[in-house]
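As structure tokens, the structure follows; a few thoughts come after it.
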Amino acid sequence: MFKISEMMEKEVVNVNNGKKLGFINDIELDMNEGKIRSLIIFNENSKLYLLGRGEVYSIFWNDIVKVGCDTILVKIDQRVEFNNIDI
Numbered sequence: 000m001f002k003i004s005e006m007m008e009k010e011v012v013n014v015n016n017g018k019k020l021g022f023i024n025d026i027e028l029d030m031n032e033g034k035i036r037s038l039i040i041f042n043e044n045s046k047l048y049l050l051g052r053g054e055v056y057s058i059f060w061n062d063i064v065k066v067g068c069d070t071i072l073v074k075i076d077q078r079v080e081f082n083n084i085d086i
């Protein structure tokens, strides 16, 4: 068992391509099921982040491969990785 605050300190890495996605900024809860639905990550390394726009990753709970000591490994396709939205 782990706390959300502990998860937010871990870096998220996509095992498909080794890309470091960043750290968890928020979570999406399913209140009907009482479960975490997805992890939300704002890529602060994106050049567009400073302009108020940037890459946002929404990682479904099912896409988590492993939660380790320092990292969270996820398996997501490149085609669903990027969502440019206003931050």
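Numbering (numbering that gives the first Met the number 0), first residue to last: 0 to 86.
Positions of the beta carbon are idealized from the N, C-alpha and C atoms, including for glycine.
Boundaries of the alpha helix (DSSP H) harbouring Glu5: 3-6, taken from the DSSP string.
The C-beta of Asn13 has 16 or more other C-beta atoms within 10 Å across all chains shown, which makes the residue buried. Assigned with DSSP and collapsed to three states, Asp69 falls in coil, not helix or strand. Bounds of the beta strand (DSSP E) holding Gly21 are 19-22. In the three-state reduction of the DSSP assignment, Asp76 falls in the coil class, being assigned neither a helical nor a strand state.
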